[in-house]
Amino acid sequence: MFVRNIASLLTISASLSLNACAQLAGQTIKFESVLSASQPGNCLTATSNADGAAVVVGECGTNATALNSWVVPNGANSPGPLQIFGDKCLDVTNGADVDGTKLQIWTCATGNTNQLWVPAGSDNIITWSGKGKCIDVTNGKLTDGNQVQIWDCDSTNNNQKFLANAVTSPTSFTIASKLNAKLCISASANAGNASVVVEACDATAASQKWSDPKNNGQMIIYDNLCVTPATGPLVSPTDGVKLVLQTCVANAQPQGWGHRTGQIINFNIRQECIDLTNGVTTPGNQLQTWDCSTTDNLNQDWIVTNTF
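Here it is in structure tokens:
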């Protein structure tokens, strides 16, 4: 999380503008096989809403349906279920850890290891957690109704790669400090140049409900106000610049932030992160930019909770 790798940061910003995405916690996704050469595409699809229903590759087109819309409760790179129809989960039939075991859906059960998956975000594979097996298009055939299986993971095998196409996007999100999860990033007022601070988390507070409707990294609040360095666009790594609200500018990279759990990185100067000034957890402490840490610096560790 804290290794500053320029290539990976570029990937983060690029992914914000693509339909294929690193799955957010709680997001609904269509998983489309990369073997699909053209539309309508072929997606992981449940054949019906019943225990034991086969999971197959099926034509999915541009519109999501209840049969191919999967909720990823824990997001990319975190073990968890892949849910469908509200109460069903992707399931390894009989829990058989054997190449070629077919996949089905079954009523979700907490702790059922047959239903624990790790979607890998930009790596496009979906791993059965702790087993070294991945979801695999059986024999690489996209024939409608071909039941998918598990197979030893192979990062070069396109049978195991699925684009994650977003069905839902967050309507809003809140950001809590990992240092003190009772503190959230807040606007001090609904006004230009108002300070961006931490305040006691309040689920009803408009001052803590951020949005990014264009999915371009802007942290928007109130009447089109965005989190911005007080001195204007950063042109070089500059520590200690306080953060304020300024009118959002269309596609303004200086107002773009990688607002996902972990470090929140400025898109203009990618060495700079949102930082809890001096680690002070007093409500009202104005946030600043600071050199992104390569170690676990809790002043720069944030927990993003999305609402869909």
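Residue numbers for the sequence shown follow this note's numbering, beginning at 1217 and rising by one.
From the three backbone atoms N, C-alpha and C, an ideal C-beta is built for every residue, glycine too.
Assumed close pair residue i, residue j - CB separation to whole angstroms, cut-off 8 Å
i: V1364; j: V1272; result: 6 Å
i: C1464; j: I1436; result: 6 Å
i: L1503; j: D1491; result: 7 Å
i: P1335; j: A1380; result: 7 Å
i: I1366; j: V1308; result: 6 Å
i: I1321; j: A1282; result: Not quite, the Cβ-Cβ distance comes to about 12 Å (not below 8 Å), so this is no contact.
i: S1385; j: N1431; result: 6 Å
i: T1390; j: K1425; result: 7 Å
i: Q1243; j: F1524; result: 7 Å
9 Å Cβ cutoff met for residue i and residue j
i: S1427; j: V1412; result: no
i: K1394; j: C1369; result: no
i: P1297; j: L1332; result: yes
i: G1474; j: G1433; result: yes
i: E1488; j: D1517; result: no
i: N1167; j: L1459; result: Outside the shown range of the chain (1217 to 1524) lies residue 1167, about which nothing can therefore be said.
i: G1274; j: N1290; result: no
i: S1345; j: P1295; result: yes
i: T1454; j: T1444; result: no
i: T1326; j: G1311; result: no
Euclidean distance between Cα positions of residue i and residue j
i: G1500; j: E1415; result: 6 Å
i: G1356; j: Y1438; result: 49 Å
i: I1519; j: R1476; result: 8 Å
i: D1360; j: S1264; result: 14 Å
i: P1449; j: P1429; result: 22 Å
i: N1374; j: A1382; result: 20 Å
i: G1257; j: G1277; result: 6 Å
i: A1410; j: L1514; result: 25 Å
i: A1262; j: Q1471; result: 41 Å
i: A1392; j: L1461; result: 18 Å
i: L1306; j: G1478; result: 28 Å
i: T1510; j: K1398; result: 25 Å
i: E1498; j: A1241; result: Checking the sequence, you will find Thr at residue 1498 rather than Glu. Rounded to the nearest angstrom, the two C-alpha atoms are 29 Å apart.
i: F1483; j: Q1469; result: 6 Å
i: S1224; j: D1339; result: Confidence at S1224 is low in this model, with a pLDDT of 36, below 50, so the placement of that residue should be treated as unreliable; the coordinate-derived value is given next. Whole-angstrom Cα-Cα distance: 12 Å.
i: F1378; j: I1351; result: 9 Å
i: L1319; j: A1292; result: 20 Å
Local conformation of residue i per DSSP, three classes
i: N1235; result: Interpretation of N1235 is limited by its pLDDT of 47, a score under 50 that renders its predicted location unreliable; the figure taken from the coordinates is listed afterwards. Reduced to three states, the DSSP call for N1235 is coil.
i: Q1424; result: helix
i: Q1479; result: coil
i: M1217; result: Confidence in M1217 is poor, its pLDDT being 41 and thus under 50, which makes the residue's placement too unreliable to answer from.
i: N1374; result: helix
i: L1260; result: strand
i: Q1471; result: helix
i: L1514; result: helix
i: I1228; result: Low per-residue confidence applies at I1228: pLDDT is 39, beneath 50, and the placement is therefore not dependable, though the value from the model is reported in the following sentence. Helix, per DSSP.
i: I1222; result: Here I1222 scores only 33 on pLDDT, less than 50, and its place in the model is too uncertain to base an answer on.
i: T1493; result: helix
i: N1355; result: helix
i: S1393; result: strand
i: I1485; result: coil
i: G1348; result: coil
i: T1498; result: coil
i: R1507; result: Note that residue 1507 is Asp in the sequence shown here, rather than Arg. Reduced to three states, the DSSP call for D1507 is strand.
i: F1524; result: coil
i: V1364; result: coil
Distance cut-off 8 Å: residue i Cβ against heavy atoms of the ligand GDP
i: L1251; result: The model on display carries no ligand, and the ligand GDP is accordingly not part of it.
Whole runs of the beta strand (DSSP E) within the stretch 1303-1344, excluding any shorter than 3 residues: 1304-1308, 1319-1323, 1333-1335, 1342-1344
Taking the runs of the alpha helix (DSSP H) that are 4 residues or longer, which of them lie wholly in the stretch 1413-1468? none
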